[in-house]
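Trainee: Okay, handing you the structure first.
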Amino acid sequence: MEIDVIIPLYKPGRELPVLLERLAEQTMPVHKIILMNTEEKYFREMIAKTGTDPVEAFANVEVHHLSKKEFDHGGTRHKAVQYSQADIFVMMTQDAMPADQYLIEELTVHLRKRLEEERKEQAENRLGGQKQSEKKEPKQAENRLGGQEQEQRKQGVRVAAAYARQLPGEDSRETERISRYFNYPEKSRIKTAGDLKTMGIKTFFCSNVCAAYRRDLYEESGGFVRHTIFNEDMIYASGAVGAGYGIAYEAKARVIHSHNYTNMQQLRRNFDLGVSQAAHPEVFANVPSEAEGKRLVTAAFRYLKRKGRLYRFPGFCVQCGFKYVGYKLGKHYRRLPKKWVMALTADKDYWKQEEMICVES
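Taking numbering that gives the first Met the number 0, the leading residue of the sequence shown gets 0, the next gets one more, and so forth.
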């Protein structure tokens, strides 16, 4: 079973050779690593700076260059999938570092297991063998899947995508650590349409910082939305959930990934988040995000109180305020003057593409 890794790049630095080295050390081999690099000059600068050409240093690496105006969060990733013929492909970002050598193995455990079952069933059907319902689960696989996950698998849930746990870096602020632990808990689970009433928008949560996808189901659904400022992963996940598939959160698959954003950076990031949700009401209209924000604030208060550091709570609330303002402005971006939108967004190139699309249409 082949597994490819796809990594969009922009101004890569010394972290890239380290990331590729860690992927080479995985217990589950990576067949091919596809680098989608924005602006070739930055890739050449990285080679000069690090002394490492990824294509020469790693036999399974290939690079495809594109211009900044061509990049799109959904479209570029979809294009990269066309360079892959693997059964499973993994989306990563250049700043996500595998925490250990088991990342790919743990991230794809449900996807591989189900694919193996389906192929075995197909082979048995061709040979006139016993039906899937008469087979027993392999003991080893059953040991890997416990509790709620095992029960859901017995009910026949097919997992379309799986995403990894994101851990804070050593230099992360405490507030960033709180957010990471809130969004990426220690316990794995599979989310389906039945979780919408209790989990709301979190049912669709999936992050291309590190996420794996079944190729056959990806093609069946049409893949990532081709033009979006943000959230191509959640938009895809919502479609998968709506089609009856599951989204797996694999807590044992771990990457180190965090940012110490300023308040204005948080505002711009959440403005783009709001824009993506406003642009896709078919996904987000009936599952608002505000409730998750309130839960995060409550969790942060309890954590800081328990640690005796409540003096940091006001600063955390200010940061959340910037996030909320950015998000609400993004949700209503159509009512804002163009100069406001360009001042608030973190992705000015998206709006240039948006203008081109509007002119063409």
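No residue lacks a Cβ here, since even glycine has one placed at the ideal position from N, Cα and C.
1. What residue range is occupied by the uninterrupted beta strand (DSSP E) comprising residue 161?
2. In chain order, which beta strand (DSSP E) runs of at least 3 residues are fully inside the region 40 to 120?
3. Residue 228 to residue 234, Cα distance in whole Å?
4. Using a threshold of 7 Å, state whether the C-beta atoms of residue 200 and residue 286 are closer than that.
5. Answer yes or no: do residue 6 and residue 96 have a C-beta to C-beta separation smaller than 7 Å?
6. Any idea which residues DSSP pairs residue 247 with across the strands?
7. Can you tell me where the beta strand (DSSP E) with residue 9 in it begins and where it stops?
8. So, for residue 82: in the same chain, excluding its five sequence neighbours on each side, which residues have a beta-carbon less than 6 Å away from its beta-carbon?
9. Cα separation between residue 25 and residue 100?
10. What number of angstroms, rounded off, separates the C-alpha of residue 312 from the C-alpha of residue 156?
11. Could you tell me which of 220, 22 and 211 sits nearest to residue 247, measuring between CA atoms?
12. Could you tell me if residue 124 is buried or exposed, where buried requires 16 or more neighbouring beta carbons within 10 angstroms of its beta carbon?
13. Where residue 110 and residue 117 are concerned, what is the direct C-alpha to C-alpha distance, given to the nearest angstrom?
14. With 16 other CB atoms within 10 Å as the buried threshold, where does residue 72 fall?
15. My understanding is that residue 87 touches residue 198, with C-beta atoms under 8 Å, so please give their C-beta distance in whole angstroms.
16. Is the separation between the beta-carbon of residue 361 and that of residue 64 shorter than 7 Å?
17. Measuring alpha carbon to alpha carbon, tell me which residue in 284, 307 and 325 is nearest residue 265.
18. Which residues share a DSSP beta bridge with residue 311?
19. Under DSSP, the beta strand (DSSP E) around residue 259 begins and ends at which residues?
20. Where does residue 395 land, buried or exposed, given buried means 16+ other C-beta within 10 angstroms?
21. Report the rounded CA-to-CA distance for residue 3 versus residue 336, giving the unit in angstroms.
22. For a test of the three-state rule: what should DSSP assign to residue 254, helix, strand or coil?
23. Looking at C-alpha atoms only, which residue of 221, 342, 182 and 241 is the closest neighbour of residue 191?
24. Nearest-angstrom Cα distance between residue 149 and residue 353?
25. Rounding to the nearest angstrom, what Cα-Cα distance links residue 350 and residue 66 in this structure?
26. Let me know the secondary structure DSSP gives residue 124 once reduced to three states.
27. Nearest CA to the CA of residue 182: which residue from 172, 163 and 195?
28. Tell me whether residue 331 is buried or exposed, calling it buried when 16 or more other Cβ atoms sit within 10 Å of its Cβ.
29. Measuring alpha carbon to alpha carbon, tell me which of 268, 295 and 232 ends up nearest residue 345.
30. Please list the terminal residues of the continuous alpha helix (DSSP H) segment that includes residue 180.
31. Helix, strand or coil: how does DSSP classify residue 230 here?
32. What are the residues that DSSP puts in a beta bridge with residue 213?
33. In the structure shown, what three-state DSSP assignment does residue 297 receive?
34. Quick one: is residue 184 buried, meaning 16 or more other Cβ sit within 10 Å of its Cβ, or exposed?
35. With a threshold of 8 Å on Cβ separation, who are the neighbours of residue 378 within its own chain once the five nearest residues in sequence on each side are excluded?
36. Between which two residues does the alpha helix (DSSP H) containing residue 197 stretch?
Mentor: Answer, in terms of the structure:
1. Taking the first residue of the sequence shown as position 1, residue 161 is located at position 162. Run containing residue 161: 158 to 166, per the beta strand (DSSP E) assignment.
2. 60 to 65 and 87 to 91
3. Within the sequence shown, residue 228 is the residue found at index 229, counting from 1. Within the sequence shown, residue 234 is the residue found at index 235, counting from 1. Their Cα atoms are separated by approximately 12 Å.
4. Residue numbering aside, residue 200 sits at position 201 when the sequence shown is read from its first letter. Residue numbering aside, residue 286 sits at position 287 when the sequence shown is read from its first letter. Closer than 7 Å, so yes.
5. What you label residue 6 is simply residue 7 of the sequence shown in a count that begins at 1. What you label residue 96 is simply residue 97 of the sequence shown in a count that begins at 1. No, the pair does not count as a contact, with Cβ atoms beyond the cut-off.
6. Taking the sequence shown and counting its residues from 1, one reaches residue 247 at position 248. Answer is 161 and 189.
7. Indexing the sequence shown from 1 puts residue 9 at position 10. Taken as a continuous stretch (DSSP letters only), the beta strand (DSSP E) holding residue 9 covers 2 to 9.
8. The residue given as residue 82 occupies position 83 in the sequence shown. Same-chain partners within the cutoff: 33.
9. Here residue 25 is taken as the residue at index 26 of the sequence shown, counted from 1. Here residue 100 is taken as the residue at index 101 of the sequence shown, counted from 1. So the alpha carbons of these two residues sit roughly 4 Å apart.
10. The count along the sequence shown starts at 1 and reaches residue 312 at position 313. The count along the sequence shown starts at 1 and reaches residue 156 at position 157. Looking at the two C-alpha atoms, the distance is approximately 41 Å.
11. As a working mapping, residue 247 is identified with position 248 in the sequence shown. Ranking 220, 22 and 211 by Cα distance to residue 247 puts 211 first.
12. Along the sequence shown, one-based indexing puts residue 124 at 125. With fewer than 16 other Cβ atoms within 10 Å, it is exposed.
13. Numbered from 1 along the sequence shown, position 111 holds the residue referred to as residue 110. Numbered from 1 along the sequence shown, position 118 holds the residue referred to as residue 117. Roughly 11 Å separates the two Cα atoms.
14. Reading the sequence shown from its first residue, position 73 is the one you call residue 72. Result: buried.
15. For the purposes of this step, residue 87 is identified with residue 88 of the sequence shown, where counting begins at 1. For the purposes of this step, residue 198 is identified with residue 199 of the sequence shown, where counting begins at 1. Not quite, the Cβ-Cβ distance comes to about 25 Å (not below 8 Å), so this is no contact.
16. Nothing can be reported for residue 361, as the shown portion of the chain is limited to 0 through 360.
17. Working through the sequence shown from its first residue, we reach residue 265 at position 266. Comparing Cα-Cα distances from residue 265 to each of 284, 307 and 325, the minimum goes to 325.
18. In the sequence shown, residue 311 corresponds to position 312, counting from 1. According to DSSP, residue 311 bridges with nothing at all.
19. As a position in the sequence shown, residue 259 is number 260, starting the count at 1. Per DSSP, residue 259 belongs to no beta strand (DSSP E) and is neither H nor E.
20. Look at the range of the chain in this structure, 0 to 360, and you will see that residue 395 is not part of it.
21. The residue given as residue 3 occupies position 4 in the sequence shown. The residue given as residue 336 occupies position 337 in the sequence shown. Their backbone Cα atoms lie some 43 Å apart in a straight line.
22. The count along the sequence shown starts at 1 and reaches residue 254 at position 255. Of the three classes helix, strand and coil, the one that applies to residue 254 here is strand, per DSSP.
23. Residue mapping note: residue 191 aligns to position 192 of the sequence shown, counting from 1. For residue 191, the nearest C-alpha among the options comes from 241.
24. Locating residue 149 in the sequence shown gives position 150, where the first residue counts as 1. Locating residue 353 in the sequence shown gives position 354, where the first residue counts as 1. Residue placement at residue 149 is poorly supported in this model, since its pLDDT is 46, which falls under 50; the coordinates are not used for a value here.
25. Within the sequence shown, numbered from 1, the residue matching residue 350 stands at position 351. Within the sequence shown, numbered from 1, the residue matching residue 66 stands at position 67. Each residue's alpha carbon lies about 15 Å from the other.
26. Here residue 124 refers to the residue found at position 125 of the sequence shown. The answer is helix: DSSP assigns residue 124 an H, G or I state.
27. For the purposes of this step, residue 182 is taken as residue 183 along the sequence shown, with counting starting at 1. Nearest option by C-alpha distance: 163.
28. Along the sequence shown, read from residue 1 onward, the residue named residue 331 stands at position 332. Residue 331 comes out exposed.
29. In the sequence shown, the residue the question calls residue 345 occupies position 346. Ranking the options by Cα distance to residue 345, first place goes to 268.
30. If you number the sequence shown from 1, residue 180 lands on position 181. Here the alpha helix (DSSP H) through residue 180 covers 173 to 182.
31. Numbered from 1 along the sequence shown, position 231 holds the residue referred to as residue 230. Of the three classes helix, strand and coil, the one that applies to residue 230 here is coil, per DSSP.
32. As a first step, residue 213 is located in the sequence shown; it is residue number 214 there, counting from the start. Its beta-bridge partners are 87.
33. Here residue 297 is taken as the residue at index 298 of the sequence shown, counted from 1. Looking at residue 297 - three-state DSSP - the assignment turns out to be helix.
34. Numbered from its first residue, the sequence shown carries residue 184 at position 185. Residue 184 is exposed by the Cβ-count criterion.
35. Lying outside 0 to 360, the shown extent of the chain, residue 378 is not represented and no answer is given.
36. Translated into the one-based positions of the sequence shown, residue 197 becomes position 198. Where residue 197 is concerned, the enclosing alpha helix (DSSP H) stretches over 195 to 198.
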